[in-house]
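Trainee:
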Amino acid sequence: MGFSAMEPASLAVIRFTRVGPDGGTVFIQNPRWSDAQFIIHTFDVILNGNIVSLEAVAPVANFTANVTEGNAPLTVRFTDKSAGNVTAWSWAFGDGNISTEQHPVHTYWAPGNYIVNLTVMNNAGSNTMTRPGYISATVRGDFNKDGEVDISDVSKVAYMVVGKVAADSDADFNGNGKVDIGDAAKIAYFSVGKIEAL
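Structural data, given as structure tokens:
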């Protein structure tokens, strides 16, 4: 929190209402900000003899992610962008896992669309942001997005090899920098269970 005033600084006094670690309430005028033992509940600005009481406000949750879609396992770095004085974070990633870190990193191991919740808190209250379907972890090789690798995906990679459709770097299963007959063979074997992974 902060404030500004046009009057000379000598006319202003800041008086904090705080609760100490033992639960007792104390009033401190012009305290140092480094006093981490206390939690600020309210503070008054006494200016020219007039008291203006300012109450602490709850933060407003907001967050972003460095990636929101990709093949499982998908590792996502979340960044807290919340406004206000946040003292605690509670994340729910939509797959049963949670975190209390400010900027957590989470891996989605199974394909699916995941809702992400962030709740931020301070002594004045809490606020939650919910992003439905924010993270989409997909099946590698599932180019038609039906949740499995089937004959249509095999055909699509074959078309990439012969230039009928544009090549997709996700179809470079053998990692040689291009989509070729080896990739077409690999997805074909995977679709019929001859190999376990692409």
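Heads up, the sequence shown is in this note's numbering, so the first residue is 1 and it goes up one at a time. Here a beta-carbon is modelled for each residue, glycine too, at the ideal position from N, C-alpha and C.
So who's on the other strand from Ser-126, going by DSSP bridges?
Mentor: According to DSSP, which records beta bridges pairwise, Ser-126 is partnered with Met-121.
Trainee: Trp-91: buried (16+ other C-beta within 10 angstroms of its C-beta) or exposed?
Mentor: With 16 or more other Cβ atoms within 10 Å, it is buried.
Trainee: Does the distance from the CB of Val-116 to the CB of Ala-61 come in under 8 Å?
Mentor: Result no, Cβ atoms of Val-116 and Ala-61 do not sit closer than 8 Å.
Trainee: What first and last residue would you give for the beta strand (DSSP E) that runs through Val-149?
Mentor: Careful: Val-149 lies outside any beta strand (DSSP E) and carries neither H nor E.
Trainee: What did DSSP end up calling Ser-136 once you bin it into helix, strand or coil?
Mentor: Three-state result, Ser-136: strand.
Trainee: Go ahead and pull the three-state DSSP assignment for Ser-90.
Mentor: It is a strand residue.
Trainee: Can you say whether Lys-186 is buried or exposed, counting buried as having 16 or more other CB atoms within 10 angstroms of its CB?
Mentor: The residue is buried, with at least 16 neighbouring Cβ atoms inside 10 Å.
Trainee: Whole angstroms is fine: what's the gap from Tyr-159's alpha carbon to Val-165's?
Mentor: Tyr-159 and Val-165: Cα-Cα distance of roughly 6 Å.
Trainee: Using DSSP with H/G/I as helix, E/B as strand and the rest coil, what is Ala-83?
Mentor: Strand.
Trainee: With a cut-off of 8 Å on the beta carbons, I'd call Ser-136 and Glu-196 a contact; round off their distance for me.
Mentor: 23 Å between Cβ atoms; not a contact.
Trainee: Leaving out the 5 sequence neighbours to the left and right, which residues in its chain are closer than 6 Å to Asn-66 when beta-carbon positions are compared?
Mentor: Within the same chain, Asn-66 has close Cβ partners Arg-77.
Trainee: Short of 6 Å in beta carbon distance, which residues of its chain neighbour Pro-132, apart from the five on each side in sequence? Order them along the chain.
Mentor: If we look at Pro-132 and ignore the five residues flanking it on each side, its Cβ neighbours are Ile-115.
Trainee: Starting from Ala-188, follow the alpha helix (DSSP H) in both directions and report where the run begins and ends.
Mentor: 181-191 is the extent of the alpha helix (DSSP H) around Ala-188.
Trainee: Evaluate Ser-152 with the Cβ neighbour count: other Cβ atoms within 10 Å of its Cβ, from every protein chain shown; 16 or more gives buried, anything less gives exposed.
Mentor: Exposed: under 16 other Cβ atoms inside 10 Å.
Trainee: So for Thr-100, helix, strand or coil by DSSP?
Mentor: In this structure, Thr-100 counts as coil in the three-state DSSP scheme.
Trainee: Tell me the rounded alpha-carbon separation between Thr-138 and Gly-125.
Mentor: Using only the alpha carbons, I get a separation of about 37 Å.
Trainee: Roughly how far, in whole angstroms, is the beta-carbon of Asp-168 from the beta-carbon of Phe-143, given that I think they are within contact range, below 8 Å?
Mentor: Rounded, the Cβ-Cβ distance is 7 Å, consistent with contact.
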